[in-house]
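See structure below.
There are 2 protein chains.
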Amino acid sequence: MSVLIKDAVIVSQDEKRRIFKGSIYIEDGIIKEISEKGLAIEADFKISGNGKVVLPGLINTHTHIPMTLFRGYGDDMALEDWLKKRIWPAEARLDRNAVKAGTDLGLLEMILSGTTCYADMYFFEDTIAERTKKAGLRGFLGFSFLDFGTPEYKREELFSRCEDFIKRWINEKLITPVIAPHSSYTCSPETLMKCSELSKKYNLIIHTHCSETQQEIYDVKNRYGVRPLEQFERTGILSNRTLLAHCGWITKGEVKKIAKVGASVSHCPVSNMKLATGGYMPLPELIDEGANVSIGTDGAASNNTLDMFESMKFTALLHKHHRWDPCVAKAQQVLDMATIGGAKALGIDGKIGSIEEGKVADIIVVDFKKAHLTPIHDVVSHLVYAVRSSDVVATIVNGKVLMIDRNVLTLKEDEVLEFAQKEALRITSD
Amino acid sequence: MSVLIKDAVIVSQDEKRRIFKGSIYIEDGIIKEISEKGLAIEADFKISGNGKVVLPGLINTHTHIPMTLFRGYGDDMALEDWLKKRIWPAEARLDRNAVKAGTDLGLLEMILSGTTCYADMYFFEDTIAERTKKAGLRGFLGFSFLDFGTPEYKREELFSRCEDFIKRWINEKLITPVIAPHSSYTCSPETLMKCSELSKKYNLIIHTHCSETQQEIYDVKNRYGVRPLEQFERTGILSNRTLLAHCGWITKGEVKKIAKVGASVSHCPVSNMKLATGGYMPLPELIDEGANVSIGTDGAASNNTLDMFESMKFTALLHKHHRWDPCVAKAQQVLDMATIGGAKALGIDGKIGSIEEGKVADIIVVDFKKAHLTPIHDVVSHLVYAVRSSDVVATIVNGKVLMIDRNVLTLKEDEVLEFAQKEALRITSD
Chain A
19 MSVLIKDAVI
29 VSQDEKRRIF
39 KGSIYIEDGI
49 IKEISEKGLA
59 IEADFKISGN
69 GKVVLPGLIN
79 THTHIPMTLF
89 RGYGDDMALE
99 DWLKKRIWPA
109 EARLDRNAVK
119 AGTDLGLLEM
129 ILSGTTCYAD
139 MYFFEDTIAE
149 RTKKAGLRGF
159 LGFSFLDFGT
169 PEYKREELFS
179 RCEDFIKRWI
189 NEKLITPVIA
199 PHSSYTCSPE
209 TLMKCSELSK
219 KYNLIIHTHC
229 SETQQEIYDV
239 KNRYGVRPLE
249 QFERTGILSN
259 RTLLAHCGWI
269 TKGEVKKIAK
279 VGASVSHCPV
289 SNMKLATGGY
299 MPLPELIDEG
309 ANVSIGTDGA
319 ASNNTLDMFE
329 SMKFTALLHK
339 HHRWDPCVAK
349 AQQVLDMATI
359 GGAKALGIDG
369 KIGSIEEGKV
379 ADIIVVDFKK
389 AHLTPIHDVV
399 SHLVYAVRSS
409 DVVATIVNGK
419 VLMIDRNVLT
429 LKEDEVLEFA
439 QKEALRITSD
Chain B
19 MSVLIKDAVI
29 VSQDEKRRIF
39 KGSIYIEDGI
49 IKEISEKGLA
59 IEADFKISGN
69 GKVVLPGLIN
79 THTHIPMTLF
89 RGYGDDMALE
99 DWLKKRIWPA
109 EARLDRNAVK
119 AGTDLGLLEM
129 ILSGTTCYAD
139 MYFFEDTIAE
149 RTKKAGLRGF
159 LGFSFLDFGT
169 PEYKREELFS
179 RCEDFIKRWI
189 NEKLITPVIA
199 PHSSYTCSPE
209 TLMKCSELSK
219 KYNLIIHTHC
229 SETQQEIYDV
239 KNRYGVRPLE
249 QFERTGILSN
259 RTLLAHCGWI
269 TKGEVKKIAK
279 VGASVSHCPV
289 SNMKLATGGY
299 MPLPELIDEG
309 ANVSIGTDGA
319 ASNNTLDMFE
329 SMKFTALLHK
339 HHRWDPCVAK
349 AQQVLDMATI
359 GGAKALGIDG
369 KIGSIEEGKV
379 ADIIVVDFKK
389 AHLTPIHDVV
399 SHLVYAVRSS
409 DVVATIVNGK
419 VLMIDRNVLT
429 LKEDEVLEFA
439 QKEALRITSD
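Protein chains in written order, with my numbering: chain A, 19 to 448; chain B, 19 to 448.
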């Protein structure tokens with residue numbers, strides 16, 4: 019399949035962060051040619067770039083996709099109440115059907131909102147992988163470890179099941195298996211060490227929660243005498259293949275450690291604010307130390323969307339507000355976090371995250387002919403502060419058009435919505 | 019003109035906050051009948067409510083509408099730099115044409131995003147009133163006072179010009195004149211006192227900035243020996259007709275004073291966070307004391323949109339985050355601020371702000387058949403945490419349909435966008 023995007027404004031996110039008018043030719047999944055002069059090539063799929071901005075697809079580095087079924091199911095509640103009365107009872111009823119429904123719903127939402135790649139961690143990850151492959155999104159899918167077992171597997175079978183999962187998906191183009199020990203308070207040191215070995219054996223990303231809440235710090239310290247990051251360090255989890263979600267309660271010393279080892283952070287401002295987990299992810303310090311920071315929405319249960327454009331605006335504004343300084347978290351930095359920063363977090367910044375010849379074509383097109391995007395003084399400012407995800411008019415992954423003019427080509431929208439509503443009510447009703 | 023909305027979910031925002039399935043019949047601007055059983059009436063305009071949610075139109079209680087021309091013109095800059103290098107030089111070039119362009123752009127954006135009524139304060143307010151009337155929105159339009167004069171009028175002519183403005187618009191249905199002394203640091207005590215007299219004479223709302231920045235507190239205290247709110251009190255500005263924008267730096271004593279006198283606050287979380295004005299508007303304390311709090315976007319120069327749905331989400335999340343408590347700023351409270359709270363701030367809660375028989379029909383319709391609004395566990399949760407303003411499919415003001423299926427009927431979208439782009443470049447280029 020070949021795709022031609024003609025005469026658009028290209029926000030390349032390349033090394034020089036060049037922005038220019040040009041055309042892009044895509045063939046067999048690869049960006050073959052970018053020209054500022056126009057391209058006289060035929061293609062299977064043509065997209066007019068008139069009034070439009072093209073950028074790398076957004077990369078959501080922390081979510082739990084089937085939890086879209088819990089969107090709006092218990093807001094404004096204390097964290098423990100919410101988990102005990104709503105989320106855990108519903109998760110106990112999870113099965114393959116519910117996961118399929120929630121995954122398709124999340125995929126639909128992501129495709130429609132300009133996300134081309136996501137890092138997940140949940141249960142029934144095989145089902146999530148099958149659905150993701152079918153919908154055509156790029157997924158870094160985390161097989162979850164919890165010491166009390168998961169809704170899918172008993173504790174004692176987790177490692178062998180995980181290895182099966184890895185072998186099943188490791189050679190897929192769109193799917194990459196990920197090792198996902200849930201956290202340092204739900205996984206024993208032995209579990210963490212075995213996860214670390216598995217990650218080394220197959221050279222896979224480890225995706226885990228780190229210092230999301232103050233309680234977690236207390237618990238891990240009480241139990242093991244160290245803070246979560248140190249626990250990850252001494253169990254071999256912490257490396258340049260590690261993706262740490264949240265980091266709302268890390269110290270300045272831990273910032274240096276993360277930067278030094280080359281681990282990545284997934285910042286989830288909307289979820290952190292909504293759950294009121296307190297603390298504050300020290301973005302300026304992480305950037306100053308050279309750490310790689312990306313953005314995640316977290317699950318829709320605590321967001322309540324998977325909207326990366328919204329998460330970009332929250333990222334920028336939260337840090338300005340926290341520091342009483344409008345100059346921190348600049349628009350370009352935040353866009354970097356959501357594109358090339360996400361690619362780096364997943365170890366594939368040589369492949370996606372920017373628009374350059376030879377890279378894989380994970381690309382989105384945004385219509386700028388809108389009242390809320392007029393006038394245009396600064397394209398990057400608009401992408402972070404004014405674009406709504408509904409302005410995305412094309413989503414391309416691996417050179418394949420998944421959505422054009424708000425129509426998703428790989429999922430049947432009506433069926434997905436109906437099935438999700440049905441399954442959501444089934445697993446949440448008494 | 020008559021309008022019938024058939025079989026929708028109605029979020030009434032009435033005294034009991036009832037939510038029910040029903041139909042609404044509107045005639046001559048008034049909500050004539052609401053029925054849970056369906057209505058067998060013919061109407062000039064029929065809207066199917068299938069899969070849709072109907073709620074009172076959102077009320078934006080603080081903006082500077084022509085500043086949409088400065089959207090994205092200087093972000094991520096220190097406040098003083100931004101004002102001196104960007105905003106003030108551009109404002110010095112303001113004229114009627116630019117204000118017309120910016121106002122039409124803002125009106126278009128508001129109609130498309132479900133805002134039916136707004137409180138403005140800027141210059142060339144006559145032009146703003148003419149355009150607002152033409153577009154069909156409800157405007158509480160503030161004639162601005164600044165001791166160094168405005169881009170429109172010299173200092174010495176402000177009061178007579180304001181009185182002309184009042185007389186010209188006071189009997190209009192959609193337009194209500196408002197007295198807008200800019201602030202306690204840009205208006206002398208004499209100016210404030212004269213504004214207070216004018217407000218009493220015509221029984222008009224006073225709209226002003228109050229305690230937005232820490233610098234403002236210092237300045238007013240140094241110059242007059244009191245804090246801004248006390249300055250308003252002793253110059254007669256503070257009453258139950260006063261709308262105080264921001265209040266990010268008010269004390270607990272000032273919270274009590276605002277509640278006691280019956281003044282209203284316009285909370286602008288997005289602008290406050292983006293400009294990093296610091297401080298924190300004490301929402302839980304204001305609510306506990308019984309003060310009326312509404313929501314404003316502020317101008318698009320510091321937001322960068324006029325999107326009230328987005329501002330609702332920011333309101334809820336900012337306060338949860340600040341208090342480390344997910345139970346503050348509940349969805350229902352935030353929706354109240356954006357609807358009935360806004361109406362109360364403008365002294366017209368007997369007329370708009372809820373959907374009840376006999377009230378004026380300022381109503382919006384939101385399409386809930388969307389991936390990011392599926393499943394539906396809780397309609398109010400979705401309105402605050404998940405709806406995007408692009409989900410609004412009908413905007414009705416005073417019983418007149420201004421927008422249906424994303425088509426604005428009272429403004430020519432293409433012309434508005436083109437004119438705004440042209441005027442924006444004209445007044446910002448060197």
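The C-beta atom is built at its ideal place from N, Cα and C for all residues, glycine as well.
Short CB-CB distance (under 8 Å) between residue i and chain A
| i | result |
| --- | --- |
| Ser-66 (chain B) | no |
| Cys-322 (chain B) | Residue identity check: residue 322 (chain B) is Asn in the sequence provided, not Cys. Yes, Asn-322 (chain B) counts as interfacial toward chain A. |
| Pro-300 (chain B) | no |
| Cys-286 (chain B) | no |
| Tyr-91 (chain B) | yes |
| Ala-281 (chain B) | no |
| Pro-393 (chain B) | yes |
| Arg-341 (chain B) | yes |
| Asp-423 (chain B) | no |
Closer than 8 Å to chain B by CB, residue i
| i | result |
| --- | --- |
| Val-71 (chain A) | no |
| Asn-78 (chain A) | no |
| Ser-399 (chain A) | yes |
| Ala-153 (chain A) | no |
| Gly-249 (chain A) | The sequence given here has Gln at residue 249 (chain A), not Gly. False, the Cβ-Cβ gap to chain B never drops below 8 Å. |
| Asp-316 (chain A) | no |
| Met-355 (chain A) | no |
| Tyr-236 (chain A) | no |
Contact list for residue i against chain A, beta-carbon separation under 8 Å
| i | result |
| --- | --- |
| Glu-127 (chain B) | Ala-389, His-390 |
| Lys-39 (chain B) | Chain A residues near Lys-39 (chain B): none, gap ~16 Å exceeds 8 Å. |
C-beta atoms of residue i and residue j nearer than 8 Å
| i | j | result |
| --- | --- | --- |
| Ala-319 (chain B) | Ile-105 (chain B) | yes |
| Leu-159 (chain A) | Thr-204 (chain A) | no |
| Asn-310 (chain B) | Lys-362 (chain B) | yes |
| Gly-120 (chain A) | Pro-84 (chain A) | yes |
| Thr-315 (chain A) | Val-288 (chain A) | yes |
| Ser-284 (chain A) | Thr-253 (chain A) | no |
| Gly-308 (chain A) | Ala-277 (chain A) | yes |
| Leu-301 (chain B) | Lys-275 (chain B) | no |
| Phe-161 (chain A) | Ala-198 (chain A) | yes |
| Ser-201 (chain A) | Thr-226 (chain A) | yes |
| Ile-223 (chain A) | Val-196 (chain A) | yes |
| Val-397 (chain A) | Val-117 (chain A) | no |
| Met-421 (chain B) | Ile-44 (chain B) | no |
Distance, residue j Cα to residue i Cα
| i | j | result |
| --- | --- | --- |
| Val-21 (chain A) | Arg-406 (chain A) | 25 Å |
| Ser-178 (chain A) | Ala-137 (chain A) | 22 Å |
| Asp-99 (chain A) | His-400 (chain B) | 20 Å |
| His-340 (chain A) | Cys-286 (chain A) | 15 Å |
| Ser-13 (chain A) | Ser-41 (chain A) | Outside the shown range of chain A, which is 19 to 448, sits residue 13 (chain A), and nothing can be said about it. |
| Val-71 (chain A) | Arg-156 (chain A) | 22 Å |
| Lys-348 (chain B) | Glu-127 (chain A) | 25 Å |
| Met-291 (chain A) | Leu-176 (chain B) | 44 Å |
| Asp-460 (chain B) | Asn-321 (chain B) | Since the displayed chain B opens at 19 and closes at 448, residue 460 (chain B) lies outside it and no answer follows. |
| Thr-323 (chain B) | Thr-86 (chain B) | 8 Å |
Which residues DSSP lists as bridging residue i, in chain order
| i | result |
| --- | --- |
| Phe-38 (chain A) | A:Ile-28 |
| Met-421 (chain B) | B:Thr-413, B:Val-426 |
| Lys-136 (chain B) | Sequence check: residue 136 (chain B) is Tyr here, not Lys. Its beta-bridge partners are B:Asn-78, B:Gly-157. |
| Tyr-43 (chain B) | B:Leu-22, B:Glu-51 |
| Thr-226 (chain A) | A:Leu-262 |
| Ile-193 (chain A) | A:Gly-157 |
| Ser-312 (chain B) | B:Ser-284 |
| Leu-73 (chain A) | A:Ile-382 |
Residue i Cβ short of 7 Å to the ligand PLP heavy atom set
| i | result |
| --- | --- |
| Val-29 (chain A) | Absent from the structure shown: the ligand PLP. Ligands present: none. |
Neighbour list for residue i in chain B, Cβ cutoff strictly below 9 Å
| i | result |
| --- | --- |
| Lys-95 (chain A) | The identity of residue 95 (chain A) in the sequence shown is Met, whereas the question assumes Lys. Neighbours of Met-95 (chain A) on chain B, chain order: Pro-344, Cys-345. |
| Gln-439 (chain A) | Thr-392, Pro-393, Ile-394 |
Proximal residues of chain A, C-beta to C-beta of residue i below 7 Å
| i | result |
| --- | --- |
| Lys-348 (chain B) | Asp-94 |
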